Amino acid sequence: MGAGLEDVIAGESGICFIDGDKGILAYRGYNIHELATNSTFEETCHLLWFGKLPKKDELDDTSKKLAGSRQISGQVIDLMRAFPKDVPPMHTYRSAFSALALYDKEAEEMSPEANVRKAIRATAQTATIVANIDRLRKGKDFVQPRTDLTHAANFAYMLNGELPNSTIAKALDIALILHADHELNASTFACRVTAATLSDLYSAVTSGIGALKGPLHGGANEAVMRMLLKIDDPARVDDFIHDIFAKKQKTAGFGHRVYTTEDPRATHLRRMSKEATERVGQAKWFQMSARIEEIVKAEKKLNPNVDFYSASTYYVIGMPIDLFTPFFGVSRVSGWTAHILEQYSNNRLIRPRAEYTGPVPELKWIPIDQR
Ligand SMILES: CC(C)(COP(=O)(O)OP(=O)(O)OC[C@H]1O[C@@H](n2cnc3c(N)ncnc32)[C@H](O)[C@@H]1OP(=O)(O)O)[C@@H](O)C(=O)NCCC(=O)NCCS
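First residue of the sequence shown: 63, per our numbering; consecutive thereafter.
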């Protein structure tokens, strides 16, 4: 068995298909390129949760339920106000999300219908939490969500306190679609392990948030932007990257456990980064990224992953760097909850075995004063 469960099939799922050698990603049979070009985040949520593309009335219904579930309880807002302001927002996001369970009367209700309602609330309310974490830590007012905006536009509205232009709303919507699900990635697996104990949906999602935070998973997008800011000058890219190689460090935003070719999400994010950076007159972030890609590809044979070009895209949209990973959660909660629902629908406790590498299990007891 490979370390890190590499290539191990750890369960069945009908949600997400990945062919890492051909660079194919599909949700419920629909290629990510089709979805990124034609769908919306609301429609993608419906697809992930219910298995089929919605008809018009079904999409209206799901969109309305999502929009109508955005408000979080006043007690959670008070709790968020009391959080320290200078901590990584992934901590406050994880804590606030976990607290939603305390005020949801259905938290312990395990019927399929109640769990779908909680999946919708979890997805809707994650955006409210993440956007407002940033406001509250900066001493700004809590912005209540609006019900007349799309999920993407409402997120930007809560974050900035003003309506986004349609280009930004569209870019965020595509980013939400691209990040929504990715089979048994570390955070989704964590969600499923918790769900498989028949613990509640809030506990399962909270496990996923904890796993997403790490720099080997969702945290990589922040590391990419910090690297770009450190380089700052396109003329310094080559030296900087060669220095990373010389120190035998990893380049953030490259490599993937499953893809041996281009991550299909990176294809869209590369284009989005180019467009977004040029539009605001900050093309250098894209140019530097493109040069880094050239070097890492040529010398390390590694491709950029989903986090590489999302970094510069979010940065020029005006998203704070340490909100990049929480924003990943704003999208991925849709996939997490789809997997949790699937796990509940055909559950068996997930409890693998370990290959034992400790001492022979026959050691004799040694009294403490003789050790
Ligand atoms: C994504 C990632 C965790 C996958 O990890 P993994 O499948 O366990 O792969 P490994 O870390 O074992 O890497 C395999 C080899 O490729 C190298 N490698 C992998 N990613 C690399 C990177 N970003 N930069 C330089 N080398 C890298 C490793 O050093 C290792 O080389 P070795 O065999 O000579 O020791 C890993 O590529 C990584 O750490 N990337 C940077 C963080 C990141 O972007 N994460 C977001 C993922 S979406």
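C-beta: ideal position from N, C-alpha, C; glycine also.
Every value quoted in this text rests on a predicted model; they were computed, and no experiment measured them.
For residue i, the nearest candidate out of the options (CA to CA)
| i | options | result |
| --- | --- | --- |
| I402 | I94, M152 and L263 | L263 |
| G73 | I230, L411 and P421 | L411 |
| G317 | Q349, G272, S265 and F370 | F370 |
| A338 | T329, V358, Y376 and E168 | Y376 |
| Y406 | T259, T329, F386 and Q187 | T259 |
| G280 | S335, F307 and G315 | G315 |
| I182 | A257, K310 and V392 | V392 |
| Q187 | R132, V255 and A163 | R132 |
| F159 | G272, I379 and A176 | G272 |
| T256 | E68, D81 and R413 | R413 |
| R156 | T323, V138, S173 and V178 | V138 |
| T124 | D140, L141 and T212 | T212 |
| D325 | N93, E361 and R288 | N93 |
| K180 | K167, A189, T190 and V192 | K167 |
| L274 | V286, V192, T323 and A252 | A252 |
| N216 | G130, P146 and P116 | G130 |
| G32 | P150, N408 and L87 | Any question about residue 32 goes unanswered here, given that the chain covers just 63 to 433. |
| R143 | A189, G201 and F112 | G201 |
| G113 | P146, L87 and C78 | C78 |
| V342 | E355, S374, V378 and F307 | V378 |
| A308 | R288, N408, E361 and V286 | E361 |
| D436 | S101, R199 and K118 | For residue 436 there is no data in the structure shown, the boundaries of the chain being 63 and 433. |
| K127 | D140, V178, N408 and I303 | V178 |
| M287 | A352, S374, I354 and H304 | S374 |
| Q311 | M334, R333 and A285 | A285 |
| L385 | N194, F348 and A176 | N194 |
| A248 | I428, V70, R433 and D431 | V70 |
| L170 | R433, L141 and S261 | A quick correction: the sequence has Glu, not Leu, at residue 170. Among R433, L141 and S261, the Cα nearest to that of E170 belongs to S261. |
| T190 | E355, L162 and M172 | L162 |
Beta-bridge partners of residue i, as assigned by DSSP
| i | result |
| --- | --- |
| C78 | Y89 |
| P366 | F316 |
Beta-carbon contacts of residue i that lie in its chain and below 8 Å, excluding the five residues immediately before and after
| i | result |
| --- | --- |
| S75 | E245, L246, H401 and E404 |
| R197 | D203, F204, V205, M220, L221 and G223 |
| L121 | E104, E105 and H108 |
| A242 | Y89, F103, T106, C107, L110, S393, R394, S396 and G397 |
| A328 | N365, P366, N367, V368, F370 and Y371 |
| T250 | D243, H244, G270, R394, G397, W398 and H401 |
| P39 | The structure shown has nothing for residue 39, since the chain only spans 63 to 433. |
| K84 | T323 |
Cβ shell of residue i (< 7 Å), same chain only, five flanking positions each side left out
| i | result |
| --- | --- |
| A218 | P226, I230, A231 and L234 |
| M350 | L290, I293, P296 and V299 |
| A98 | I236, I239, L240 and H330 |
| Y165 | S135, Q137 and V138 |
| R208 | N216 and Y219 |
| M381 | F389 |
| A214 | F103, A231, L234, D235 and L238 |
| P116 | E105, H108 and T124 |
| E68 | R319 |
| D119 | none |
Cβ-based neighbour list, residue i, same chain, cut-off 6 Å, excluding 5 preceding and 5 following
| i | result |
| --- | --- |
| S372 | N283 and L331 |
| A184 | V267, V395 and T399 |
| R254 | H401 and Q405 |
| G82 | V320, Y321 and T322 |
| V358 | T313, F316 and L364 |
| A345 | T339 |
| F145 | T154 |
| A306 | Per the sequence shown, the amino acid found at residue 306 is Ile instead of Ala. For I306, where only same-chain residues beyond five positions count, the Cβ hits under 6 Å are T313. |
| F302 | I293 |
| I80 | L87, E245 and V320 |
Residue i: CB within 6 Å of a non-hydrogen atom of ligand 2
| i | result |
| --- | --- |
| R394 | Ligand 2 is not part of the structure shown, which contains ligand 1 as its ligands. |
(message) Extract the residue ranges of the alpha helix (DSSP H) inside the region 250 to 279, only unbroken runs of 4 or more that lie entirely within it.
(response) DSSP runs (the alpha helix (DSSP H)) wholly in the region 250 to 279: 263 to 274.
(message) I'd like the ranges of any alpha helix (DSSP H) spanning at least 4 consecutive residues and lying wholly in the region 109 to 169.
(response) Listed in chain order, the alpha helix (DSSP H) runs fully inside the region 109 to 169 are 118 to 130, 136 to 144 and 151 to 162, counting runs of at least 4 residues.
(request) Taking only runs that begin and end inside the region 199 to 242, name each unbroken alpha helix (DSSP H) of 4 or more residues, in chain order. (result) 213 to 222 and 228 to 241
(request) Can you check the region 370 to 409 for any alpha helix (DSSP H) of at least 4 residues that lies completely inside it and give the ranges in chain order? (result) Counting whole runs of 4 or more residues, the region 370 to 409 contains the alpha helix (DSSP H) stretches 386 to 407.
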